[in-house]
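Our numbering puts the first residue of the sequence shown at 220, with every later residue one more than the last.
Where is the CB? At the ideal position from N, CA and C, for every residue including glycine.
Below is one structure, written out as structure tokens; comments come after it.
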Amino acid sequence: MSRRIDLVAEKTAIDVLRRRGIDATIIGEECGRIEGKNGYVIMDAIDGTTNASRRIPFYCCSLAFATDFRLSAVTDAAIIDLVNGDLYYASKGKGAFCNGKRIRVKEAGDDIVMGMNVSKIGPDVASKLAPVMARADHVRVFGAVALELCYLARGLIDASIDLRGKIRPTDIAAAYLIVKEGGGKIYSDGKELESDLDIRTRLSFVAVAQDNVLHYLGMAY
């Protein structure tokens, strides 16, 4: 069921893009890569497929445009919450917005709310996360990483962590720009997150409102 939802949603998104004359190379989880001429559209037609198939109301559609084949080349992004219709978007250097209102990460205090994906983690990742979970005041598992990162950019949560090494660039390309334009930070292996956009690439990341959240969680880079 979840696979069929992804296929139908992605085909619909591709058809809309082509009808609107967008001739960029399209990179998607289901289609892989469809060659075009100008730039790259990185899509996740439904992020949170399991949530959608189980009627858990937390899933979204994510689109990003990049001028080059790297996360840092993403210039425009849009994510729509498919449950309530909230539209998050950003353009490089112009800030992040939700439904036309500018959004910004929250100045973190000592009451940290954190999103974390712990699905099928191995003992090595579990050992890394155990002290972090012990320090965090509130841990949530949302099940749709792009929308979770929008919550970070909007100031609803203070951190988002996924150390499983399973995240695809298609999962976070749009959210990456929205978080950065909202004032947040995204790290991987102690450095600012950077990656190619290849569908075969897998990532881990730590996203925070400010660096002091890293210190609070004992993850200072």
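* Taking three-plus beta-carbon pairs below 8 Å as touching, is the region 353-373 in contact with the region 241-251? -> The region 353-373 vs the region 241-251: no contact.
* Looking at C-alpha atoms only, which residue of Asn257, Ile386, Ala372, Glu229 is the closest neighbour of Asp417? -> On the sequence shown, position 198 is the one that residue 417 refers to. From the listed residues Asn257, Ile386, Ala372, Glu229, the smallest Cα separation to Asp417 is found for Ile386.
* To do: With a 10 Å radius around its C-beta and 16 neighbouring C-beta atoms as the bar for buried, classify Pro388 as buried or exposed.
  => In the sequence shown, residue 388 corresponds to position 169, counting from 1. Here Pro388 is buried: its Cβ has 16 or more other Cβ atoms, across all protein chains shown, within 10 Å.
* What three-state label does DSSP hand Ala231 in the structure shown? -> In the sequence shown, the residue the question calls residue 231 occupies position 12. Note that residue 231 is Thr in the sequence shown, not Ala. Helix, per DSSP.
* Asked: How would you write the range of the alpha helix (DSSP H) that Ile391 sits in, first residue to last?
  -> Against the sequence shown, residue 391 aligns to sequence position 172. Run containing Ile391: 388-400, per the alpha helix (DSSP H) assignment.
* Asked: What are the residues that DSSP puts in a beta bridge with Cys250?
  -> Translated into the one-based positions of the sequence shown, residue 250 becomes position 31. None; Cys250 has no bridge partner.
* Residue closest to Ile322, alpha-carbon to alpha-carbon, out of Val360, Cys250, Glu400 -> The sequence position of residue 322 within the sequence shown is 103, counting from 1. Among Val360, Cys250, Glu400, the Cα nearest to that of Ile322 belongs to Glu400.
* Start and end of the alpha helix (DSSP H) containing Ser346? -> By one-based count along the sequence shown, residue 346 stands at place 127. Per DSSP, Ser346 is one residue of the alpha helix (DSSP H) stretching across 342-354.
* To do: Give every residue of the same chain whose Cβ lies closer than 6 Å to the Cβ of Val427, excluding the five residues on either side of it in the sequence, and list them in chain order.
  => As a first step, residue 427 must be located in the sequence shown, where it is residue number 208. Around Val427: Ala378, Lys404, Leu433.
* To do: Just tell me which of Lys410, Gly374, Arg419, Arg373 has its CA closest to the CA of Asp390.
  => To locate residue 390, count along the sequence shown from 1; it is residue 171. In terms of Cα proximity to Asp390, the closest of Lys410, Gly374, Arg419, Arg373 is Arg419.
* Cβ separation of Ala392 and Ile261, assumed to be a contact under 8 Å, to the nearest whole Å -> Looking up residue 392 in the sequence shown gives position 173. Looking up residue 261 in the sequence shown gives position 42. Their Cβ separation, rounded to whole angstroms, is 4 Å, which keeps Ala392 and Ile261 in contact under 8 Å.
* Report the three-state DSSP secondary structure of Asp430 (helix, strand or coil). => Position 211 of the sequence shown holds residue 430. For Asp430, the secondary structure class from DSSP, reduced to helix, strand or coil, is helix.
* Asked: Which of helix, strand or coil does DSSP assign to Tyr307?
  -> In the sequence shown, residue 307 corresponds to position 88, counting from 1. Secondary structure at Tyr307: strand, using DSSP grouped into helix, strand and coil.
* Touching by the beta-carbon criterion (3+ pairs, under 8 Å), the region 354-365 and the region 332-341 -> Yes, they touch.
* **DSSP state of Asp415 mapped onto helix, strand, coil** => The residue given as residue 415 occupies position 196 in the sequence shown. Collapsing the DSSP output to three states places Asp415 in a strand.
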